[in-house]
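Structure first, then comments.
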Amino acid sequence: MNNSTKRWYKIKRTRYTARFKFDRVVESLKKSNVSEIARQYGFGVNLLSKWRSDFLKDGHCFFEVKPNAEIARLRKSVAQLEQMVGKKEVELNLLKNFSDFYQSRSGL
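Under the numbering used here, the first residue of the sequence shown carries the number 93, and numbering increases by one thereafter.
Below, the structure is given as structure tokens:
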């Protein structure tokens, strides 16, 4: 196959929420029919089986976003913004000083 006949397809991955995963796992544990549930919601049996084993291993917290990572990211962002504000304050004070200096010289 040459390059002109190759087709590239971008496969879109579906991202499921923690709640959706949790609900499907609980549903599969109640019904015990993994393939039926996977077919009903349009994803693979292997994916649901992985969710089940992860849930049984780590519980509901496995599907949650790690809050510590989010807090660290936000703190870093705040620190960068505070640094930018500090630089702007220095620039503003410098410009005010220059302005006062030139106004006093032109007033002579």
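Where a beta carbon is used, it is the ideal one built from N, C-alpha and C, also for glycine.
Residue range of the unbroken alpha helix (DSSP H) whose run includes residue i
i	result
residue 129	126-133
residue 194	159-198
residue 143	137-150
Residue i vs residue j beta-carbon contact at 9 Å
i	j	result
residue 140	residue 118	no
residue 121	residue 107	no
Backbone secondary structure at residue i - three-state DSSP
i	result
residue 107	coil
residue 123	helix
residue 113	helix
Identity of the residue in the options nearest residue i by Cα
i	options	result
residue 113	191, 184, 167 and 134	134
Discussion item. Under 8 Å: do the region 109-124 and the region 135-149 share three or more Cβ pairs, one atom per stretch?
Written reply: By the Cβ rule, the region 109-124 counts as touching the region 135-149, because three or more pairs are nearer than 8 Å.
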